[in-house]
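Residues 2 to 101, numbered by our numbering, are exactly what the sequence shown covers, in order. Glycine is no exception: its CB is placed at the ideal position from the N, C-alpha and C atoms. Okay, structure first, notes after.
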Amino acid sequence: MEDNLDKAVVETVNRNFELKLRRRIIPESEFLEILSLAIAHLLNNNTQKLLSVLYRLDVDENKFRQALLAEDSRQAAGNIAALVLAREKQKLEFRRRYSS
2 MEDNLDKAVV ETVNRNFELK LRRRIIPESE FLEILSLAIA HLLNNNTQKL LSVLYRLDVD
62 ENKFRQALLA EDSRQAAGNI AALVLAREKQ KLEFRRRYSS
């Protein structure tokens, strides 16, 4: 059985990408698929908004550029979604570690 993502990660990404998810508990693979679709849409229709969200979420620019080198836009979107999720998990871990 797959682990669910932390609610804080889901809420942050949901808000920034305007995913309109109603569930706050969701398996990581399902969330990645939903996020990938949203990113693919932004890649094709509103790149500036995507860049703005990635900047706000503090996704590494060099890693983003590497992710764009994928063979097709769907794979690139999946790579970017994985970057977003990894960064949000990292920020959550930092908050938990240093908040006490």
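In this chain, Ser100 is not harboured by any alpha helix (DSSP H), its DSSP state being neither H nor E. DSSP places Ala68 in the uninterrupted alpha helix (DSSP H) bounded by 62-68. Contact annotation, Ala71 with Ala77: C-beta distance approximately 4 Å; criterion of less than 8 Å satisfied.
By the Cβ criterion, the stretch 50-60 is in contact with the stretch 6-22, since at least three pairs of Cβ atoms, one from each stretch, lie closer than 8 Å.
In the DSSP assignment, Arg16 falls within the alpha helix (DSSP H) that extends over 8-18. Put simply, the backbone Cα of Arg25 is about 5 Å away from that of Lys8. With respect to the C-alpha of Glu34, the residue from Leu86, Phe95, Asn47 having the closest C-alpha is Leu86.
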